[in-house]
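First up is the structure itself, then whatever we jot down about it.
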Amino acid sequence: MSEFPEHDPKDHCLDESLKEPTDSLIVHATARGIAPFILLIGLYVFFHGHYSPGGGFQGGVLLAVGFLLLRLSLGVRLSQIVMPHRLTLRASAIGALLFVAVGLSAVIMGGNFLDYHLLPIPGLAPEYLRYFGILLVEVGVTVTVTFTLVAIYDELLGC
Amino acid sequence: MDWMIEFTLFLILLTAALLTLGVRDLLVAVVTLNVFSFITAAIMVSLGAVDVAFTEAVVGAGAVGLLSIVAIRRTSRRSQD
């Protein structure tokens, strides 16, 4: 127990070296160049999850890895502009809430959990209700996975 | 012809797994573990399970490596036992 530094919840960054940008120019340039493309591929995987390999979880992890690459290379303090720390846990809770709301609104309308064609959206055929229901659930999963992984990184670092 | 590719992949997989278990420097262990995950993804592709391969590549070679590196930064880089 003694080899770990004491955790102080007030001023809390335990590893100061991960707070600042890295010294290596190569790591810096590579991470900043490659992170937007990782985020773009994450969005692509998420939106094509309906009819090709991929979907909410994989797209969410790709988005999270893009943000974490920026955290690792730019340091925690500079990357707050891209992904603020106070956003992470709340946004992941909102994503989980979206998933449960879609599922439970089908239950309230008299079906089973996640029975998409009973969703209370007026003026849509059942096929389109299924389409948009699956899309909403995927949005919830993606948001939850992305922000939870970033929150795990932040908590692991103590920042 | 197909079995030769899979055989080579399994050989690399076994080598990466043994290296991960045997090496003393934990940062090197993380890198070889990522190699293991990536070769597993390639084997999954050769078996026709693209979705599993995708998940394995993204999680095993991406997120797990990043989080392990942070864990090593927080503790120590040398293996104790």
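Protein chains in written order, with the numbering used here: chain D, 167 to 325; chain G, 468 to 548. Just so it is clear, CB atoms sit at the ideal spot from N, CA and C, and this is done for glycine as well. Because the structure is a prediction, the values reported are computed rather than measured.
- Taking 8 Å as the cut-off, the beta carbon of residue 323 (chain D) is found closer than this to the beta carbon of residue 242 (chain D).
- Interface flag for residue 220 (chain D) against chain G is set, since a Cβ pair is found closer than 8 Å.
- A direct Cα-Cα distance of roughly 7 Å separates residue 502 (chain G) from residue 528 (chain G).
- Per DSSP, reduced to three states, the secondary structure at residue 548 (chain G) is coil, with no helix or strand assignment.
- Judged by beta-carbon spacing, residue 282 (chain D) lies within the 8 Å limit of residue 272 (chain D), meaning their Cβ atoms are closer than that value.
- Closest in C-alpha terms to residue 303 (chain D), from the list D:269, D:254, D:185 and D:318, comes D:269.
- Judged by DSSP in its simplified three-state form, residue 492 (chain G) adopts strand.
- Contact note: residue 227 (chain D) reaches chain G through 525, 526, 529 and 530, using a C-beta cutoff of 7 Å and chain order.
- One finds nothing in chain D with a Cβ atom closer than 9 Å to the Cβ of residue 507 (chain G); even the nearest lies about 15 Å away.
- By the beta-carbon neighbour count (other beta carbons within 10 angstroms, threshold 16), residue 545 (chain G) is exposed.
- With a threshold of 16 other beta carbon atoms within 10 Å, residue 249 (chain D) meets it and is buried.
- Counting of Cβ neighbours within 10 angstroms places residue 236 (chain D) among the buried residues, the total reaching 16 or more.
- Between residue 537 (chain G) and chain D, the shortest Cβ-Cβ separation is below 8 Å.
- Taking the Cα of residue 306 (chain D) as reference, the smallest distance to any Cα among D:277, D:259 and D:185 is reached at D:259.
- Counting only Cβ-Cβ distances below 9 Å, residue 534 (chain G) has contacts in chain D at 234, 315, 318, 319 and 322, in chain order.
- In the three-state DSSP reduction, residue 291 (chain D) falls in the coil class, being neither helix nor strand.
- Residue contact with chain G for residue 224 (chain D): present (Cβ-Cβ distance below 8 Å to some residue of chain G).
- For residue 238 (chain D), the chain G residues whose C-beta falls within less than 9 Å of its own C-beta are 533, 536 and 537, listed in chain order.
- For residue 214 (chain D) and residue 254 (chain D), the gap between their C-alpha atoms comes out near 25 Å.
- The DSSP-derived three-state label of residue 243 (chain D) is coil.
- A straight line joining the alpha-carbon of residue 219 (chain D) with that of residue 189 (chain D) spans about 38 Å.
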